[in-house]
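**Student:**
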Amino acid sequence: MSGTDSAVADYLIIESLSKEFDGFLALDNASLTVRKGEIFALLGGSGSGKSTLLRCLAGFEKPSSGKILLDGQRLGDLPPYERPTNMMFQSYALFPHMTVEQNVAFGLKQERMPKTLIRKRVNEMLDLVQLGRLAKRKPHQLSGGQQQRVALARSLAKGPKLLLLDEPMGALDRKLRSQMQLELVSIIETSGVTCVMVTHDQEEAMTMATRIALMDQGRIRQIGTPDEIYEQPTSRFAAEFVGSINLIEGVIEQDEPGFVSIRSDVLPVLVHIGHGISGFEGQEVAFALRPEKMRISKCEPEQPHNKAKGVIEDIAYFGSHSVFHVRLPSGYKLLVNFTNQQRWASEDFTWNDQVWLFWKNDDGVVLTV
Ligand SMILES: Nc1ncnc2c1ncn2[C@@H]1O[C@H](COP(=O)(O)OP(=O)(O)OP(=O)(O)O)[C@@H](O)[C@H]1O
Ligand SMILES: [Mg+2]
301 MSGTDSAVAD YLIIESLSKE FDGFLALDNA SLTVRKGEIF ALLGGSGSGK
351 STLLRCLAGF EKPSSGKILL DGQRLGDLPP YERPTNMMFQ SYALFPHMTV
401 EQNVAFGLKQ ERMPKTLIRK RVNEMLDLVQ LGRLAKRKPH QLSGGQQQRV
451 ALARSLAKGP KLLLLDEPMG ALDRKLRSQM QLELVSIIET SGVTCVMVTH
501 DQEEAMTMAT RIALMDQGRI RQIGTPDEIY EQPTSRFAAE FVGSINLIEG
551 VIEQDEPGFV SIRSDVLPVL VHIGHGISGF EGQEVAFALR PEKMRISKCE
601 PEQPHNKAKG VIEDIAYFGS HSVFHVRLPS GYKLLVNFTN QQRWASEDFT
651 WNDQVWLFWK NDDGVVLTV
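The opening position of the sequence shown corresponds to residue 301 in the numbering used here, with each subsequent residue numbered one higher.
1. Suppose the cutoff is 7 Å on Cβ atoms and the five residues either side in sequence are ignored; what does the same chain contact list for Asp565 look like?
2. Suppose only complete runs of 3+ residues qualify. What are the beta strand (DSSP E) ranges in the region 456–480, listed by chain order?
3. Quick one, which of Pro380, Asp310, Gly345 and Leu332 has its alpha-carbon nearest Phe541's?
4. Rounded to whole angstroms, what's the CA-CA distance from Ser486 to Leu476? Just pull it up for me.
5. I'd like the list of long-range same chain contacts for Arg529, defined as Cβ closer than 7 Å, with 5 residues on each side in sequence excluded.
6. If you measure from the CB of Val498, is any heavy atom of ligand 1 nearer than 8 Å?
7. Counting only the same chain and skipping the five closest in sequence on each side, list residues whose C-beta sits under 7 Å from that of Pro460.
8. By the three-class DSSP mapping on this structure, what secondary structure does Ala645 have?
9. Provide the residue(s) that pair with Asn637 in DSSP beta bridges, ordered along the chain.
10. With distances taken between CB atoms, is the gap from Asp466 to Val429 smaller than 9 Å?
11. CA-CA distance, Ala645 and Glu531?
12. Tell me the residue span of the alpha helix (DSSP H) that contains Glu401.
13. On the CB-based measure, 16 or more other CB atoms within 10 Å of its CB, does Leu312 come out buried or exposed?
14. So does Lys319 have its beta carbon nearer than 8 Å to some heavy atom of ligand 4?
15. Based on the DSSP output, what are the partners of Cys495 in its beta bridges?
16. Please list the segments of the beta strand (DSSP E) lying wholly inside the region 518–599, counting only runs of 3 or more residues, in order along the chain.
17. Between Val571 and Leu589, what straight-line distance do the alpha-carbon atoms span, to the nearest angstrom?
18. When burial is assigned at 16 or more other CB atoms within 10 Å of the CB, is Phe638 buried or exposed?
19. In terms of alpha-carbon separation, which member of Tyr392, Glu361 and Arg454 lies closest to Phe406?
20. Where does Gly444 fall in DSSP's three states?
21. If you follow the alpha helix (DSSP H) that Thr507 is in, where does it begin and where does it stop?
22. Considering only residues of the same chain and omitting the five flanking positions on each side of Ala586, which have a CB-CB separation below 6 Å?
23. Judging by CA-CA distance, which residue of Pro568, Ala307, Val636 and Arg449 is the nearest neighbour of Gln597?
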């Protein structure tokens, strides 16, 4: 890798970062790297340490140990205003008495940039967020989404190397959220800025981020693309945090290099896995299978493994698809997705139907932690 490549790949380096508050570890030895131009999401439940990590990047919090490097520069003890970073707050913190353009110009004026340059930069920013025609309005004359775009324009005006967003959609209602998620991504990508965002909303992280760090109790549990986190969770925690999933507890019965079988008390037959795993015979594991990987039929499938018979106990309708809750004789309930397009005339399903659920060798993931 050449020097330039590594500067792009390791644009932001966070190394063994910890933050302690009165003996409580809010951030526990977190390490990650962010590439230039990435939108990187910190995802986790309440109190998992997301904001603490973000505030350490912004300089509002001083880490107890560890280091942060941005574009080769150690941020160390630099105060927030001396860092090449900018944080956009959930409430946007717009100045109510200033117009849109005055809000965007604020930071540039403080830097004593010449007036003509300020005007040029503000216009560029307002074009970027498509608010040129509202330049003379005050924040209270704007919708929530427009206010957010002003805040973003203001954050980007000084050309920060790193944009920090804490729950950027927190103040918006659900419908506006999904629209703004895509708009925000497009603005961030156009500006080319590198971004670290915090969210507790897995859908938001999946929609917006190039990569995600999943956090729990101050620790980073998994880092990956949205796809990797969803398809290849490495722990029960990750599997359950993102999307819904069936977790079937069992024991490894056979452990070959290219094949593994699992025996579970809740299933009538063995689970067969078409690849090796790092485990050992007799080890307790969880087999994780997404509801959309499971198939359903009224006829018994021919395959001798990877199947279970049960009764449809509940049906949750979501418009484009339904989720069936199928109770097995063991009492265990499996979730299966049924896309409404899949409805074929001969097989329709309703409450109390006896059904077979089945899946392929490589549809699930074996979790050892
Ligand atoms: N200034 C502080 N003093 C003491 N404890 C703090 C302080 N700031 C955060 N904490 C604690 O650190 C932990 C992590 O807090 P943090 O704000 O990083 O969580 P979060 O993941 O952003 O959660 P949320 O989704 O609720 O915003 C929490 O248990 C919190 O109570
Ligand atoms: Mg927070």
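Virtual Cβ for every residue (Gly too), placed ideally from N, Cα, C. These numbers were taken from a predicted model, which means no experiment stands behind them.
**Tutor:** Reading it off the structure:
1. Along the sequence shown, read from residue 1 onward, the residue named residue 565 stands at position 265. For Asp565, where only same-chain residues beyond five positions count, the Cβ hits under 7 Å are Ser630.
2. 462–466
3. Residue mapping note: residue 541 aligns to position 241 of the sequence shown, counting from 1. Nearest option by C-alpha distance: Gly345.
4. If you number the sequence shown from 1, residue 486 lands on position 186. If you number the sequence shown from 1, residue 476 lands on position 176. The straight-line gap from Cα to Cα measures roughly 15 Å.
5. Here residue 529 is taken as the residue at index 229 of the sequence shown, counted from 1. One detail in the question is off: residue 529 reads as Ile in this sequence, not Arg. Closer than 7 Å at Cβ, skipping near neighbours: Ile512, Leu514, Gln522, Ala538 and Val542.
6. Against the sequence shown, residue 498 aligns to sequence position 198. Within the cutoff, so yes.
7. By one-based count along the sequence shown, residue 460 stands at place 160. Closer than 7 Å at Cβ, skipping near neighbours: Pro384, Thr385, Asn386 and Val493.
8. Position 345 of the sequence shown, counting from 1, holds the residue named residue 645. At Ala645 the pLDDT is 46, less than 50, meaning the model places this residue with poor confidence; the figure from the coordinates comes in the next sentence. DSSP places Ala645 in coil when its eight states are reduced to three.
9. Translated into positions along the sequence shown, residue 637 becomes position 337. Val623, per the DSSP bridge assignment.
10. Within the sequence shown, residue 466 is the residue found at index 166, counting from 1. Within the sequence shown, residue 429 is the residue found at index 129, counting from 1. It is not a contact, given that the beta carbons lie outside the stated cut-off.
11. Within the sequence shown, the letter at position 345 stands for residue 645. Within the sequence shown, the letter at position 231 stands for residue 531. Caution is warranted here: a pLDDT of 46 is assigned to Ala645, below 50, making its placement in the model unreliable, and the coordinate value is therefore given only provisionally. Looking at the two C-alpha atoms, the distance is approximately 31 Å.
12. Stepping through the sequence shown from its first residue, residue 401 is reached at position 101. It spans Val400 to Gln410 - the alpha helix (DSSP H) in which Glu401 sits, taken as one unbroken run.
13. Taking the first residue of the sequence shown as position 1, residue 312 is located at position 12. Buried.
14. Absent from the structure shown: ligand 4. Ligands present: ligand 1 and ligand 2.
15. For the purposes of this step, residue 495 is identified with residue 195 of the sequence shown, where counting begins at 1. Answer is Ile339 and Leu463.
16. 519–524, 546–556, 559–563, 571–573, 584–589 and 595–597
17. Working through the sequence shown from its first residue, we reach residue 571 at position 271. Working through the sequence shown from its first residue, we reach residue 589 at position 289. Roughly 11 Å separates the two Cα atoms.
18. The residue you call residue 638 lines up with position 338 of the sequence shown. Per the 10 Å Cβ criterion, buried.
19. Mapped onto the sequence shown, residue 406 falls at position 106. Closest option to Phe406, Cα to Cα, is Arg454.
20. Residue mapping note: residue 444 aligns to position 144 of the sequence shown, counting from 1. In this structure, Gly444 counts as helix in the three-state DSSP scheme.
21. Translated into the one-based positions of the sequence shown, residue 507 becomes position 207. Gln502 to Met508 is the extent of the alpha helix (DSSP H) around Thr507.
22. Taking the first residue of the sequence shown as position 1, residue 586 is located at position 286. Answer for Ala586: Arg536, Leu547, Glu549 and Leu667, listed in chain order.
23. As a first step, residue 597 must be located in the sequence shown, where it is residue number 297. According to the sequence displayed, residue 597 carries Ser and not Gln. Answer by Cα proximity: Val636.
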